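Structure below.
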């Protein structure tokens, strides 16, 4: 097959790699509008479940993919200055740019051509030249926009504000830090992704953001303000910027996933909020499913598309529903701040409705026992009162 991929992110590159390794006769070309090496943000994180899909899809590539990951088997929820650890949560972290380099190198070894600094102006013409066109061009997909009447996308902008920083302070576990200030609650999502650096994503509701004057602050002023809010955790380390501008989560859905020989993949297809840490995982699972559809139906693009949708639509809906509940929890966290640190961490762990008490007990029996003891104590106090 002759295949064009628009977008050299995880979805487009991983699909290209799987397809070319399975059938070297495929002619695959990847087009990326940004220069080579240009990526924004800091680290990415995978759960063990997410990595399991990659291990099964291509064990050889998996070894190279995780070779330099930072790993940890617990997380911390920091509330009122108390660090509550929850074990049995295995995470693997890497720099986004390193992840893309591993994918790029693997693709090149298979003979896949990647053209950087190449914006596709005429998608219709390109679609007419190939058997399959994959639109993996991100949350602001130009392909999806051009064919909006066919894909019928919907967009939901959520209320909280985010700024994506890095720091040389190393947060070994995935850490969620909740800090009350005179202006309102600030949240940091942080984790180490290399021997020297951690991601440090700051979240705040719009009212707190305005009261703190961040609506009028420059990028550097915001950076310094947020560093001061979390000085207790950052110590002498500062926050680092890389286009660290305030933004809101934009949740993307599409009624239709395909049009003729064009298919949406990754964030172009659907966005999953980063509070679940599953956006990159979902993109790469999309790539696996589309590849499997083509393997089952060689040369039959409509049948391959149908198989892809049958496999991915249920998972997509489940993850987006869980992400919605997670977003609701964060946006209303001020109502939870009265809880003691253990109860707060318990509420956080169960925010999506997908983690039961028994699940937590299997992951971390000591944490579950502490929650049970606290609940029993509270019931006794109520009975006495």
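Residue numbers (UniProt numbering): 1 to 385.
Each residue gets a CB set at the ideal place from its N, CA and C atoms; glycine is no exception.
Predicted, not measured: the structure shown is a model, and the values here were computed from it.
From the options, pick the residue whose C-alpha is nearest to that of residue i; which is it?
i: residue 93; options: 76, 69, 80; result: 69
i: residue 119; options: 200, 4, 228; result: 4
i: residue 373; options: 343, 145, 315; result: 343
i: residue 88; options: 98, 71, 80; result: 71
i: residue 23; options: 345, 9, 292; result: 292
i: residue 19; options: 57, 327, 217; result: 57
i: residue 207; options: 332, 45, 145; result: 332
i: residue 386; options: 77, 280, 321, 79; result: The structure shown does not extend to residue 386, since the chain is modelled only from 1 through 385, so no value can be given for it.
i: residue 32; options: 126, 137, 110, 158; result: 137
i: residue 84; options: 353, 244, 348, 335; result: 348
i: residue 162; options: 209, 179, 145; result: 209
i: residue 42; options: 306, 239, 356; result: 239
i: residue 78; options: 111, 319, 179, 112; result: 179
i: residue 122; options: 101, 145, 371, 307; result: 145
i: residue 97; options: 37, 90, 268; result: 37
i: residue 81; options: 99, 227, 233; result: 233
i: residue 243; options: 91, 164, 108, 353; result: 164
i: residue 354; options: 305, 318, 308; result: 318
i: residue 25; options: 110, 370, 369, 203; result: 110
Under 8 Å between the Cβ atoms of residue i and residue j?
i: residue 284; j: residue 174; result: no
i: residue 67; j: residue 193; result: no
i: residue 187; j: residue 346; result: no
i: residue 124; j: residue 114; result: no
i: residue 6; j: residue 177; result: no
i: residue 117; j: residue 35; result: yes
i: residue 190; j: residue 171; result: yes
i: residue 131; j: residue 1; result: yes
i: residue 39; j: residue 139; result: no
i: residue 199; j: residue 166; result: yes
i: residue 376; j: residue 367; result: no
i: residue 143; j: residue 181; result: no
i: residue 53; j: residue 288; result: yes
i: residue 221; j: residue 157; result: no
i: residue 356; j: residue 268; result: no
I need the straight-line Cα distance from residue i to residue j, nearest angstrom please.
i: residue 323; j: residue 160; result: 14 Å
i: residue 211; j: residue 184; result: 8 Å
i: residue 256; j: residue 152; result: 6 Å
i: residue 340; j: residue 231; result: 22 Å
i: residue 434; j: residue 129; result: The chain is shown only over 1 to 385; residue 434 falls outside these bounds and no answer can be derived.
i: residue 106; j: residue 258; result: 27 Å
i: residue 219; j: residue 27; result: 44 Å
i: residue 358; j: residue 301; result: 43 Å
i: residue 197; j: residue 320; result: 29 Å
i: residue 127; j: residue 102; result: 28 Å
i: residue 303; j: residue 310; result: 11 Å
i: residue 350; j: residue 112; result: 43 Å
i: residue 91; j: residue 51; result: 9 Å
i: residue 168; j: residue 237; result: 6 Å
i: residue 305; j: residue 73; result: 37 Å
i: residue 205; j: residue 334; result: 10 Å
i: residue 21; j: residue 315; result: 26 Å
i: residue 195; j: residue 99; result: 15 Å
i: residue 371; j: residue 278; result: 27 Å
i: residue 266; j: residue 307; result: 17 Å
i: residue 362; j: residue 282; result: 25 Å
i: residue 108; j: residue 225; result: 43 Å
i: residue 203; j: residue 227; result: 13 Å
Taking residue i and residue j to be in contact with their CB atoms under 8 Å, please state how far apart those CB atoms are, rounded to whole angstroms.
i: residue 214; j: residue 246; result: 7 Å
i: residue 286; j: residue 312; result: 6 Å
i: residue 364; j: residue 49; result: Not really, about 16 Å apart at Cβ, beyond 8 Å.
i: residue 223; j: residue 241; result: 5 Å
i: residue 273; j: residue 327; result: 6 Å
i: residue 30; j: residue 8; result: 5 Å
Can at least three beta-carbon pairs, one atom from the segment 293-310 and one from the segment 243-255, be found at a separation below 8 Å?
no
Give a yes or no on contact between the segment 46-64 and the segment 10-22, applying the rule of three or more CB pairs nearer than 8 Å.
yes
Can at least three beta-carbon pairs, one atom from the segment 261-269 and one from the segment 136-156, be found at a separation below 8 Å?
yes
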